[in-house]
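Per UniProt numbering, the sequence shown starts with residue 1, numbered consecutively. The beta-carbon is built from N, C-alpha and C at its ideal position, and this holds for glycine as well. As the structure is a computational prediction, the values presented were derived from the model and not from experiment.
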Amino acid sequence: MMTLHGYWRSSASYRVRIAFALKGVEVNHHAVNLRTGEQSKDTHLARNVQGYVPVLELEDGTQLTQSLAIMDYLDATYPEPRLMPPEPILRSKILAASLIIASDISPIQNLSVLKFIRAEHGQDDVGVTKWAAHWIAKGFKALELIAQAHETEFLMTDAPGFFECCLIPQAYNAKRFGVDMTQFPKLSAINAACLQRPEFEKARPENQLDAV
1 MMTLHGYWRS
11 SASYRVRIAF
21 ALKGVEVNHH
31 AVNLRTGEQS
41 KDTHLARNVQ
51 GYVPVLELED
61 GTQLTQSLAI
71 MDYLDATYPE
81 PRLMPPEPIL
91 RSKILAASLI
101 IASDISPIQN
111 LSVLKFIRAE
121 HGQDDVGVTK
131 WAAHWIAKGF
141 KALELIAQAH
151 ETEFLMTDAP
161 GFFECCLIPQ
171 AYNAKRFGVD
181 MTQFPKLSAI
191 NAACLQRPEF
201 EKARPENQLD
211 AV
């Protein structure tokens, strides 16, 4: 069986947990404690030279990194149900929206960046929270406009998939940092619809064995 090395409250790990649940594929979970710095130890650096999570370890020992790349691998290896539609233009648009989260929002409010802002720029809890909330809201404003342009239940489809794997962890973080989600009604509706599904419940941070 494959092993997913991750952390319960890591957005990137959360994305991949959702993808596995949507695919109905079982995976072993191995916790890497980001709070205690386990990601910087040699054992984990041997899995990922960046020291990030998640890392998907295949049965033959091959190790895959970067959450969206892992999700793409799952879609190629376990094609049903699809995370991405086959139509090229729709696929490209969904990927672009997903990258707003994975490339533009998430990296500048993750744990390592917030620690740096606190340590190097003297920001307290209020300052750190304000920083994270600002960038989440900025990205969500763009995503709300994209979502409003489509009449589908989810972003651009009638079933949750690749984008929703990215949105739900980011909405979780938005709540943590006090972002007013009422200004994003379509994103909030997508989030609520997803959280009612058992696959998303299974992947929730609080339901992981390493949750504290």
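For the putative contact between residue i and residue j, defined by C-beta atoms under 8 Å, what is the C-beta separation to the nearest angstrom?
i, j, result
"Ile190", "Phe154", "5 Å"
"Glu144", "Lys202", "27 Å between Cβ atoms; not a contact."
"Ala19", "Met71", "5 Å"
"Val25", "Tyr78", "6 Å"
"Ser98", "Leu68", "7 Å"
"Leu83", "Cys165", "7 Å"
"Leu90", "Met156", "6 Å"
"Ser11", "Gln123", "The Cβ separation is near 20 Å, so there is no contact."
Taking 6 Å as the limit between beta carbons, can you name the residues of its chain near residue i, skipping five residues before and five after?
i, result
"Tyr7", "Ser13, Val32, Leu34, Val53"
"Glu199", "Ala21, Leu22"
"Pro88", "none"
"His30", "Thr3, His5"
Quick check: the Cα distance between residue i and residue j, rounded to an integer number of angstroms?
i, j, result
"Phe184", "Gly61", "42 Å"
"Leu9", "Pro205", "Residue identity differs from the one stated: residue 9 is Arg in this sequence, not Leu. Spanning the two alpha carbons is a distance of roughly 5 Å."
"Ile108", "Pro81", "32 Å"
"Thr65", "Ala46", "12 Å"
"Cys194", "Lys41", "35 Å"
"Ile94", "Glu38", "33 Å"
"Pro86", "Asn207", "32 Å"
"Ala159", "Val49", "35 Å"
"Ile168", "Val212", "20 Å"
"Ala147", "Gly139", "12 Å"
"Arg17", "Glu120", "33 Å"
"residue 273", "Thr36", "As displayed, the chain neither begins before 1 nor continues past 212, which places residue 273 out of reach and without an answer."
"Leu111", "Ala76", "30 Å"
Thinking just about the alpha-carbon of each residue, which of the options is nearest to the one in residue i?
i, options, result
"Leu74", "Arg15, Leu209, Thr157", "Arg15"
"Val128", "Gly178, Ser10, Leu22", "Gly178"
"Trp131", "Phe140, Lys141, Ile146, Val113", "Val113"
"His134", "Gln63, Lys115, Ile105, Cys166", "Ile105"
"Phe163", "Phe116, Asp124, Arg118, Ser103", "Ser103"
"His5", "Thr36, His44, Ser11", "His44"
"residue 214", "Ala96, Leu111, Cys165, Ala192", "The structure shown does not extend to residue 214, since the chain is modelled only from 1 through 212, so no value can be given for it."
"Tyr172", "Asp158, Asn28, Ser188", "Ser188"
"Arg197", "Gly161, Gly139, Gly122", "Gly161"
Give every residue of the same chain whose Cβ lies closer than 8 Å to the Cβ of residue i, excluding the five residues on either side of it in the sequence, and list them in chain order.
i, result
"Glu59", "Met1, Met2"
"Lys175", "Met181"
"Asn28", "Met1, Met2, Thr3, Leu4"
"Gln63", "Arg47, Asn48, Val55, Leu56, Glu57"
"Thr152", "Asp158"
"Ser92", "none"
Grab me the residues of residue i's own chain with a C-beta within less than 7 Å of its C-beta, minus the 5 sequence neighbours each way, in chain order.
i, result
"Ala137", "Val179"
"Arg118", "Val128"
"Gly51", "Gln39, Ser40, His44, Leu45"
Establish whether the CB of residue i and some CB of chain D are separated by less than 7 Å.
i, result
"Val27", "Note that chain D does not occur in the displayed structure, where there is just one protein chain."
Please confirm whether any heavy atom of the ligand HEM lies closer than 6 Å to the CB of residue i.
i, result
"Arg9", "Judged by which ligands are present, the structure shown has none, so any question about the ligand HEM falls away."
At what residue ranges does the region 33-118 contain a whole run of the alpha helix (DSSP H), taking only runs of 4 or more? 42-45, 67-77, 88-99
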